[in-house]
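One structure is given below, encoded as structure tokens.
Number of protein chains: 2
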Amino acid sequence: MGDEPETKLNGVLRVVIVGAGFGGLETAAALSRSPVNVTIIDRKNHHLFQPLLYQVATAALSPADIAWPIRRILRRQENVQILLGEVTGVDSDRREVIVGEKRIPFDTLVLASGATHSWFGHDEWAPHAPGLKTIADAVEMRRRILMAFENAEMEDNPTERDRLLTFVIVGGGPTGVEMAGSIAELARRALATDFRHIDPRRTRVTLVEAGPKLLPSFPEPLSDYARLALEKLGVEVRLGSAVTDCAASGVSFDGAHIAAGTIVWAAGVAASPVATWLNVSADRAGRIEVSPHLEVPGLAGVFVIGDAALCKNDQGIALPGVAPVAKQQGQFAGLLIDARARGRKDPGPFRYRDAGQLATIGRRAGVVDFGRIRFKGWLAWWFWGIVHIFFLINLRSRLIVAIHWLWSYLTFDRGARLIT
Amino acid sequence: MGDEPETKLNGVLRVVIVGAGFGGLETAAALSRSPVNVTIIDRKNHHLFQPLLYQVATAALSPADIAWPIRRILRRQENVQILLGEVTGVDSDRREVIVGEKRIPFDTLVLASGATHSWFGHDEWAPHAPGLKTIADAVEMRRRILMAFENAEMEDNPTERDRLLTFVIVGGGPTGVEMAGSIAELARRALATDFRHIDPRRTRVTLVEAGPKLLPSFPEPLSDYARLALEKLGVEVRLGSAVTDCAASGVSFDGAHIAAGTIVWAAGVAASPVATWLNVSADRAGRIEVSPHLEVPGLAGVFVIGDAALCKNDQGIALPGVAPVAKQQGQFAGLLIDARARGRKDPGPFRYRDAGQLATIGRRAGVVDFGRIRFKGWLAWWFWGIVHIFFLINLRSRLIVAIHWLWSYLTFDRGARLIT
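Protein chains in written order, with this note's numbering: chain A, 5 to 424; chain B, 5 to 424.
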């Protein structure tokens, strides 16, 4: 064992995973019996179930209902250690990940650091139109939404009061649709009778989408249904409207302007700066195009998975930035690294098994698309709920989210209406 | 109706309540059928169940489990309006409460604004030894406690690592005892196997109390039991030790020093600045001594209740700053105001019906003191749990807290281990 290369600790392959999202955790899980040392680096101490983050932003759930300590999840996996810290770069030559003043050596690197918001080059919009990626984002969004009603209640000027009671959501993908539906129901139901000087039922919620339809990745009939369902909740849907400005006073697009107190950015995402770290080229969204084995071309043993990877299917179409893609890629990368650690042949190239897509619109409507099987409405909404509860990480979270949802369903109340 | 005094709106008595804690909410509830207009002013949008705040600070519960929107609680009480804002003063002559730039006129004023921390004149200790009164305090405390373990895990210097794994709680009242027990169990149970470089079971937890016993308001045998129960959890209890300094490096007392990474202040409280607002005299803790009808002497129609009031019983002993006192005073003030609004005679002077006192030490021990009936141990712990669940404000919170507790009981896990 004495003549191992210097890069190996006690002769054991050192695998560093950056990010404990869906992709990173699956990689670690796939390495659970592997003869490797795994280090997971994340700037947060928790894994977040992002698909339900909009429910934290709209006061339906608490942060801890959809987030779990990474250490807890992996505590029984003895070949894993966790490092809380923010990656600032990668030294590809010395094969080290740079975390502030620390340098973490690796033999194999898996970059699963996800994506962040992108305001399409207009970072000055950020303070007025915040996005939704982290718990801090969601708690701040919740504060803004609830404070809009509080400020409207105290406002004497009717024009300003109307502005405060106007919410614009930019982006018609699943997050935008879910936020719009949830804000509309918060106003019309949960808050309906709680104020004395305003009527929250008169709240104006507008969803703005640059493209020709909502839920762009869904088939036409489901997109149309989502639009109708939102309109039934009182949401104004504006398609084909590209936003030209987000400011404290409201949103501008196509020459028009909506005076709004609260803007939610659900439009653009950009990959975390993996390409900068590795000094390789990226696409417009900052993603690195990976090989069929999810490695960065020219950098053997460096993998990129999830939202930071540009990975094309057989038809040459980029896979979407959704949880099932990240998870399957994480599992693939883990199994491939395990095979190499054991001196076995690489498994075949990565192939995505389409896991379908779901979205919900308010408390009774949903859309489900499994390719051949498609359905919508009440049944899709229930299906969405059951699937999401199933994917939560432990029994406690499942019970608690189920109780919150049941309670909200019966009473229209929201469980976490806190301004902090 | 045309010749009412100017101070009344449409001839209806205007009651302003400052603070929606236990006292303020009870006042409002007692006025629910009263012919008055009630305005509640609070700087937070939620009522907080403070007795369980330490469980948020130690990652057992989420903030929303023990806090509910004031508007939601009072939404059906049509004579109440709620104003979110911070009181900055009272104009006793013009009978107006000053909220920033706003002035809220009152005929009757109930000051139920509670207490805050007091570092006994050493405000420079505050950043190193924060207290626990609000949700923001609890979330910050949780962050500090969890980060201490994370930083210890990354620390190479063994002396500094030991310092990071040392927690000092200053103050041996119920909050101090509960925090000490809860941190000890967090370290020895919930976190026990989650780290790779440190052993959280070796965490040092010290509870420092200036007086001769823990839980000063409890009878001797229960105080002794609490001390034994804490020591069994591995907590070091130092009685008769007055703290002389709190700094970034640790806590000093009696010439000795404990190098500690985290200090929790559970010692002194001071009333909110009611005496300054009214320009009347106060005791050392900032409390205003009230009449047997809970009014401020010389200021008819101005009541002080709860932690901001100095209210003595028949033996001349000040009532403690606990929830049952605030609630009974709130109810008394409300009924008295109602009687006056209806032109009836004032009810007799306020008398406190002793509601007993409870405290818990970790996951199996508690103390209960009802004067004649006293018990401790396992049964007291269960009793404590049932009573606290019963006092939560709605069924949802009761179910959710019960599930969190049951889960923690069975798995030793904590439901809200988030660093945000």
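Idealized CB from N, CA, C, for every residue including glycine. Keep in mind the model is a prediction, meaning the values are calculated, not measured.
Counting the other Cβ atoms within 10 Å of the Cβ of ARG418 of chain B gives 16 or more, which makes it buried. DSSP places ASP249 of chain B within a strand segment (E or B) once states are collapsed to three. Around GLN85 of chain B, the beta-carbon contacts reaching into chain A at under 7 Å are ARG200. Residue environment: ARG400 of chain A is assigned as buried (16 or more neighbouring CB atoms within 10 Å of its CB, all protein chains considered). The region 325-334 of chain B and the region 17-31 of chain B touch, with no fewer than 3 CB-CB distances between them shorter than 8 Å. Distance from the CA of GLY238 of chain B to the CA of ALA196 of chain B, rounded to the nearest whole angstrom, comes to 14 Å.
Here ARG107 of chain B is exposed. Its C-beta has fewer than 16 other C-beta atoms within 10 Å.
The C-beta distance from LEU150 of chain B to ARG421 of chain B rounds to 6 Å, short enough to meet the 8 Å contact threshold. For TRP411 of chain A, the nearest CB of chain B lies under 7 Å from its own CB, placing it at the interface with that chain. Considering only beta carbons, no part of the region 327-357 of chain A lies closer than 8 Å to chain B.
Per DSSP, ALA384 of chain B is one residue of the alpha helix (DSSP H) stretching across 382-395. Residue pairing by DSSP puts GLU293 of chain A in a beta bridge opposite A:LEU314. Against chain A, a Cβ distance below 9 Å from LYS48 of chain B picks out LEU422, ILE423, THR424. By the Cβ rule, the region 221-233 of chain B counts as touching the region 366-378 of chain B, because three or more pairs are nearer than 8 Å. The beta-bridge partner set that DSSP reports for PRO178 of chain B is empty. Under the three-state reduction of DSSP, TRP123 of chain A is assigned to coil, being neither helix nor strand. When CB distances to chain A are screened at a threshold of 9 Å, the residues of the region 62-73 of chain B falling below it are ALA63, LEU65, SER66, PRO67, ALA68, ASP69, ALA71, TRP72, PRO73, in chain order. Within the same chain, LEU65 come within 6 Å of GLN59 of chain B by CB-CB distance, once the 5 residues on both sides are set aside. For the pair ILE267 of chain A and VAL172 of chain A, the CB atoms are nearer than the 7 Å cut-off. The CB of MET158 of chain B comes closer than 9 Å to the CB of LEU87, LEU88, GLY89, LYS106 in chain A, given here in chain order. For SER256 of chain A, same chain residues with a beta-carbon under 6 Å away, outside a window of 5 residues either side, are THR248, ASP249 in chain order. Chain A places no beta carbon closer than 7 Å to that of ALA251 of chain B, leaving this residue out of the contacts.
Rounded to the nearest angstrom, the gap between the Cα atoms of PRO216 of chain B and SER245 of chain B is 9 Å. At least one beta carbon of chain A lies nearer than 7 Å to the beta carbon of ALA140 of chain B.
Using a Cβ-Cβ cut-off of 7 Å, ILE45 of chain A does not count as an interface residue toward chain B, since no Cβ of chain B sits closer than that to its own. In the structure shown, ASN155 of chain B falls within a helical segment according to DSSP collapsed to helix, strand and coil. GLY254 of chain A has its alpha-carbon roughly 7 Å from the corresponding atom of HIS261 of chain A.
Of the residues assessed, ALA359 of chain B falls on the exposed side of the cut-off, its CB having fewer than 16 other CB atoms within 10 angstroms.
Nearest C-alpha to ILE139 of chain B among B:THR112, B:ALA156, B:THR62, B:ASP198: B:THR62. DSSP places SER412 of chain A in no beta strand (DSSP E) but in the uninterrupted alpha helix (DSSP H) bounded by 399-415. GLU154 of chain B reaches chain A at ASN49, LEU88, counting residues in chain order whose Cβ is nearer than 7 Å. When the five nearest sequence neighbours on each side are left out, the beta carbons in the same chain lying within less than 6 Å of the beta carbon of GLY338 of chain A are those of THR31, ALA34, LEU35, in order along the chain.
Close CB contacts of ARG200 of chain A within its chain, under the 8 Å cut and outside five residues either way in sequence, are with GLU157 (chain order).
The Cβ atoms of PRO301 of chain A and PRO353 of chain A do not sit closer than 7 Å to each other.
The beta carbons of GLY272 of chain B and SER117 of chain B sit about 17 Å from each other, so the pair does not count as a contact at 8 Å. Note that the C-beta distance between GLN333 of chain B and ILE365 of chain B is not below 7 Å.
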